[in-house]
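Some notes on the structure that comes next.
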């Protein structure tokens, strides 16, 4: 959209060939368009266990496409934190996080419905092989 706005601004600044340039002044009451880029959905995985993982995988679906996407982080040591960026908040539908060692799944969150308002979730892995999912409060 920024490219579109730049193109429109360039077109407005340059007069069309064969025509006189028109001068306009903006009124103080004219609405201003403010374009903000949407925040990305992030899932933080806190490995507070003594278990290292060969891989932590996050599978997610978007509202805009039925295809499941998978993100991977390999060689995740014990007592580490990783962050997955899933793209625009409003487009993330659902996700699931799993930890694998030697090709065997050691934990999974199961399907978690995305929160289009909060957009920041934390999955905590503990030694009991239990996990917790939290939403950051802003």
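In this note's numbering, the protein residues as written are 1039 to 1176.
By construction, the Cβ of each residue, glycine as well, lies at the ideal position given by its N, Cα and C atoms.
Where residue i falls, given that 16 or more other Cβ within 10 Å makes a residue buried
i, result
"residue 1106", "exposed"
"residue 1123", "exposed"
"residue 1088", "exposed"
"residue 1048", "Any reading at residue 1048 must be qualified, since the residue scores a pLDDT of 39, below 50, and its modelled position is unreliable; the value itself is stated next. Flag for residue 1048 reads exposed."
"residue 1046", "Since pLDDT at residue 1046 reaches only 36, below the 50 mark, its modelled position is unreliable, and the value read off the structure follows with that caveat. The residue is exposed, with fewer than 16 neighbouring Cβ atoms inside 10 Å."
"residue 1155", "exposed"
"residue 1140", "exposed"
Distance between residue j and residue i (C-alpha atoms, nearest Å)
i, j, result
"residue 1127", "residue 1077", "6 Å"
"residue 1091", "residue 1115", "6 Å"
"residue 1118", "residue 1112", "12 Å"
"residue 1150", "residue 1104", "16 Å"
"residue 1142", "residue 1093", "10 Å"
"residue 1164", "residue 1132", "23 Å"
"residue 1110", "residue 1096", "6 Å"
Closest by C-alpha distance to residue i, when choosing among the options
i, options, result
"residue 1134", "1142, 1108 and 1157", "1108"
"residue 1159", "1137, 1094, 1121 and 1095", "1121"
Cβ distance (whole Å) where residue i is taken to contact residue j below 8 Å
i, j, result
"residue 1146", "residue 1084", "Not quite, the Cβ-Cβ distance comes to about 16 Å (not below 8 Å), so this is no contact."
Nonlocal neighbours in the same chain, by C-beta distance under 7 Å from residue i, ignoring five residues either side
i, result
"residue 1130", "1079, 1098, 1100, 1124 and 1152"
"residue 1086", "1117, 1162, 1163 and 1164"
"residue 1102", "1129"
"residue 1148", "1134"
"residue 1075", "none"
Residues near residue i by beta carbon distance below 6 Å, same chain, minus five either side
i, result
"residue 1144", "1137"
"residue 1178", "Lying before the first or after the last residue shown, residue 1178 is absent from the chain, which here runs from 1039 to 1176."
"residue 1157", "1077, 1079 and 1127"
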